[in-house]
């Protein structure tokens, strides 16, 4: 074996070492989220489905020359055809047009449910969780808010709608009001639990130690780390609200005839499915299912994409 | 070693556990830390080291006692001066995974203090971030990455840079190396030592690795069940431990060479540390102390200077 001595070694040129360290291109957070989302086929499918449903709910009714309440008794119970794409019902109303006007109601309910969840749920849960354990007054605020949440939690949505009907007429407003009363409590509980947990994280302590303001601790440390859970919860609430609307309308407690809604249309068609007019139930039911699926698939993908730790 | 930077007087921190119980995590500790020194704090899990550290930096409020920083009583400051003092006392956390927000980029994490005190903006802020990254041995392009893209040692460096950003004079390092690989521990400890030299920092270094603490500390304090058992200069403590608990701790350090094995007598302690909810009467260590006497159960030993700059609380030296 040859002898090894110092003269056999020489220092490496540092500049050459640098070249080899290939650094990843720098991207913004939302840019990365979009990229990750684009690679998730299921989420993408959900996203485009939602886009299509949304677009058609806006322009769909205008594609055929009928209005949702336009009746033509001579053209009742027609099969899907070039003239009536989704067929007609017993009063000769065009189902394509009615399905997409109904979509507006469903999406409206979904969006309102999301807004109520985000504003009321996140606010109440956030205040409750952030104040808890901070001082005696903070504990009291937390206790007070949580008791309210617990009381509301015990009242079923259906019951609230029925009770409201004592003083109000059944309809969209009643449903939205009932939703505002009870819809956000689940979110409030989840947000509170998350905040309680995140508050104990060392990075929150470090931020407090560095003199970061409460507002910044909430907006930079607490909320971003809860986004995933908030969004997942939303993707449950939105389709749930849409389904509740359909269900209540189906029972006759929701939107009233002649207004078109997926629930009322399904209800109208109940008696005639067995006599072969499948399209009258099929199309509204398909839309309910597709919307549910789209929200769930998209929400699931979004949750993954929002987490910077997940693989790209 | 000159003036006192932090004077801790009979500090207690009790936590409520249920309605009628309190956990006495820190139960009456007094010592001082001098400008520019490193005070090591050792003790087993649950001895209250972390609680003491967090109380000193102000994350917890002391139940009793005083913490005087640079002549100012921390509990008696108004909000504005509290914020200024807070800037001077910073903390390095134990778990480099949990102490960095996974949703924030490293540059923003480091600049958090700069933003909170509105110290630097725009390009000056960016410049400062790069400067700090280089100070702790990272490179400027790391500023745009997320914490999960770094190793444990690198993350701890990020934590150090974050603490340094506001130019503190006193840093509590809460087991900064215990979550790291042994090969990385030395790097981080040496980095801390270099930074101390450069910026004239004072450290309270909390750890349970005695050899490492001996390496970095000027003085060492030994804690047991929320109380300080012994405090002395590192060499002195290692050469001549007074308290039976310190003796037992030191005897547990493995011999550095096989030939030395068996040369020291290993003092084995029986049982577990008692619960801090109901600590033993008198001396907290008496239930496991090989030299326990009758007086130990009756009277709490006083914290006394036995030799020059060598403090202990034990009836053996009474």
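Residue numbers (my numbering), protein chains in the order written: chain A, 1 to 312; chain B, 1001 to 1318. In this text, a Cβ means the ideal position worked out from N, Cα and C, and glycines have one as well. Because the structure is a prediction, the values reported are computed rather than measured.
- Message: For residue 1173/B, list the residues DSSP reports as bridge partners.
- Response: Locating residue 1173/B in the second chain gives position 173, counting from the first residue. Paired residues: 1092/B, 1205/B.
- Item | Distance between residue 1052/B and residue 1151/B (C-alpha atoms, nearest Å) | Start at 1 with the first residue of the second chain, and residue 1151/B comes out as number 151. Start at 1 with the first residue of the second chain, and residue 1052/B comes out as number 52. Taking the straight line joining both Cα atoms gives about 28 Å.
- Message: Between which two residues does the alpha helix (DSSP H) holding residue 1185/B run?
- Response: For this step, residue 1185/B is matched to residue 185 along the second chain. Start and end: 1182–1199.
- Return no unless some Cβ of chain B is closer than 7 Å to the Cβ of residue 233/A. In the first chain, counting from the first residue as 1, residue 233/A sits at position 233. Taking Cβ atoms only, chain B never reaches closer than 7 Å to residue 233/A, which makes this a no.
- Message: Within a Cβ cutoff of 8 Å, which residues of the same chain sit near residue 292/A, ignoring the five residues on either side of it in sequence?
- Response: Reading the first chain from its first residue, position 292 is the one you call residue 292/A. For residue 292/A, where only same-chain residues beyond five positions count, the Cβ hits under 8 Å are 239, 242, 243.
- Query: Would you report the Cα separation of residue 211/A and residue 1218/B, rounded to the nearest angstrom?
  - Reply: The residue you call residue 211/A lines up with position 211 of the first chain. The residue you call residue 1218/B lines up with position 218 of the second chain. Cα-Cα distance, rounded: 30 Å.
- Among residues of its own chain, excluding the 5 on either side of residue 1003/B, which ones have a beta-carbon nearer than 7 Å to its beta-carbon? Looking up residue 1003/B in the second chain gives position 3. Cβ neighbours of residue 1003/B beyond the five flanking positions: 1034, 1035.
- Message: How far does the alpha helix (DSSP H) with residue 247/A in it extend, from its first residue to its last?
- Response: By 1-based counting over the first chain, the position of residue 247/A is 247. Residue 247/A -> alpha helix (DSSP H) spans 223–251.
- Message: As a quick exercise: from 1205/B, 1107/B, 1047/B, pick the residue whose alpha carbon is nearest that of residue 1174/B.
- Response: Residue mapping note: residue 1174/B aligns to position 174 of the second chain, counting from 1. The shortest C-alpha separation from residue 1174/B is found at 1205/B.
- Task: Below 7 Å CB to CB, which residues in the same chain sit around residue 247/A once its five sequence neighbours on both sides are set aside?
- Result: To locate residue 247/A, count along the first chain from 1; it is residue 247. Same-chain partners within the cutoff: 263.
- Item | Test: residue 120/A CB closer than 7 Å to a CB of chain B | Here residue 120/A refers to the residue found at position 120 when the first chain is read from its first residue. With 7 Å as the cut-off, residue 120/A does not count as an interface residue toward chain B.
- Message: Against residue 220/A, what residues of chain B qualify as contacts under a CB-to-CB distance less than 9 Å, listed in chain order?
- Response: Within the first chain, residue 220/A is the residue found at index 220, counting from 1. Within chain B, the residues near residue 220/A are 1101, 1103, 1104, 1108, 1112.
- Message: When you compare the CB positions of residue 114/A and residue 149/A, do they come within less than 7 Å of one another, or not?
- Response: The residue you call residue 114/A lines up with position 114 of the first chain. The residue you call residue 149/A lines up with position 149 of the first chain. Going by C-beta atoms, residue 114/A is not nearer than 7 Å to residue 149/A.
- Task: Could you tell me whether any Cβ in chain B is nearer than 7 Å to the Cβ of residue 203/A?
- Result: Residue 203/A sits at position 203 when you count from the first residue of the first chain. Yes - at least one Cβ of chain B is within 7 Å of the one on residue 203/A.
- Query: The alpha helix (DSSP H) with residue 1215/B in it runs from where to where?
  - Reply: To locate residue 1215/B, count along the second chain from 1; it is residue 215. Note, residue 1215/B: alpha helix (DSSP H), 1210–1216.
- To which residues of the same chain is residue 1305/B closer than 6 Å at the C-beta, ignoring the five residues directly before and after it? Sequence index remark: in the second chain, residue 1305/B carries index 305 (1-based). Correct list, in chain order: 1311.
- Message: I believe residue 1023/B touches residue 1008/B by the beta-carbon criterion, under 8 Å. Please report the beta-carbon distance rounded to the nearest angstrom.
- Response: In the second chain, counting from the first residue as 1, residue 1023/B sits at position 23. In the second chain, counting from the first residue as 1, residue 1008/B sits at position 8. Contact flag wrong, Cβ pair sits at about 20 Å.
- Taking the Cβ atom as the reference point for each residue, do residue 1013/B and residue 1055/B lie within a distance shorter than 7 Å? Here the question's residue 1013/B lines up with position 13 in the second chain. Here the question's residue 1055/B lines up with position 55 in the second chain. Their beta carbons are under 7 Å apart, which means residue 1013/B touches residue 1055/B by this criterion.
- Query: Mind pulling the chain B residues with CB within less than 9 Å of residue 126/A?
  - Reply: Residue 126/A sits at position 126 when you count from the first residue of the first chain. Ordered by position in chain B, no residue passes the 9 Å Cβ test against residue 126/A, which lies about 17 Å from the chain.
- Message: Looking at chain B, is there any beta carbon in it that lies within less than 7 Å of the beta carbon of residue 198/A?
- Response: As a position in the first chain, residue 198/A is number 198, starting the count at 1. It does not: the Cβ of residue 198/A has no partner Cβ on chain B nearer than 7 Å.
- Task: Please state whether DSSP places residue 1033/B in a helix, a strand or coil.
- Result: In the second chain, counting from the first residue as 1, residue 1033/B sits at position 33. Residue state, collapsed to three classes: strand.
- Task: Kindly indicate the opening and closing residues of the beta strand (DSSP E) around residue 1220/B.
- Result: For this step, residue 1220/B is matched to residue 220 along the second chain. Start and end: 1219–1224.
- Item | Straight-line gap, residue 84/A to residue 64/A (C-alpha atoms, nearest Å) | Here residue 84/A refers to the residue found at position 84 when the first chain is read from its first residue. Here residue 64/A refers to the residue found at position 64 when the first chain is read from its first residue. Using only the alpha carbons, I get a separation of about 8 Å.
- Message: Spatial neighbours of residue 73/A within its chain, please: C-beta separation below 8 Å, excluding the five flanking residues on both sides.
- Response: Residue mapping note: residue 73/A aligns to position 73 of the first chain, counting from 1. So the qualifying residues of the chain are 91, 92.
- Task: Mark residue 1211/B as exposed unless 16 or more other C-beta atoms lie within 10 angstroms of its C-beta, in which case mark it buried.
- Result: On the second chain, position 211 is the one that residue 1211/B refers to. Its Cβ having fewer than 16 others within 10 Å, residue 1211/B is exposed.
- Tell me where the beta strand (DSSP E) around residue 1069/B begins and ends. Locating residue 1069/B in the second chain gives position 69, counting from the first residue. Run containing residue 1069/B: 1064–1069, per the beta strand (DSSP E) assignment.
- Query: Does any CB atom of chain D fall closer than 7 Å to the CB of residue 210/A?
  - Reply: Included in the structure are the protein chains A and B, with no chain D among them.
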